[in-house]
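For the sequence shown, the numbering used here gives the first residue as 123, with consecutive numbering after it. What follows is a set of notes on a single structure, which appears directly below.
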Amino acid sequence: RALRQRVRGMGRDGLLGLLWAGFSYTRRQCLVNEAALLDHLLKHKGIAWKARDTPVSTVADDVVHSVSINPDHLGGVDLVLVHGFANGGGCFFPILAALGKVGRTHVVDWRGAGMSGRPRAFPPRSEQEAIAYLVEGLETWRVAHL
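Written out as structure tokens, the structure is:
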């Protein structure tokens, strides 16, 4: 009852702030949670995985985060999965065990999304500039890992 009265007195922004505070995690905690989930989904099935942060520039938090399934598998074609807008690589987690039986699979988060960094130094001024920024991150990741 006391909580209900407190929430009513907060107004909309106060309630959203309270909810956001309850859901806000540090990146470190999110990486711990990601590792626990991947272990749960893959490790007990004998499927190896490796998470990486690939630096894109000299800015500390400008990294592209990826998870590779069967990272040491040689031969065959690498499958690279990238998520859609306003999403993250976690959307592919339910199918990773099946893909892990096929060969090496990479789940890549776009710059500024999922577990990739969110550098504050980049204010896109046009659609073309935003696309170039995203593609630069993916290309940097590709050169480093494929």
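Note that beta-carbon positions come from the ideal geometry of N, C-alpha and C, so glycine has one too. Quantities reported herein were computed from a predicted structural model and do not represent experimental measurements.
R174 is bridged by DSSP to S188.
Counting along the chain, the unbroken beta strand (DSSP E) around T227 starts and ends at 227–230. Annotated three-state conformation of V181 is coil, per DSSP. The Cβ neighbour count for H187, taken over all protein chains shown within 10 Å, is at least 16; the residue is labelled buried. Distance from the Cα of V229 is smallest, within the candidate group K172, D194, V181, A208, for K172.
In this structure the segment 195–209 lies against the segment 235–248, because at least three pairs of beta carbons, one per stretch, are closer than 8 Å. In the three-state reduction of the DSSP assignment, V257 falls in the helix class.
Straight-line spacing of the CA atoms in T176 and A219 works out to 24 Å.
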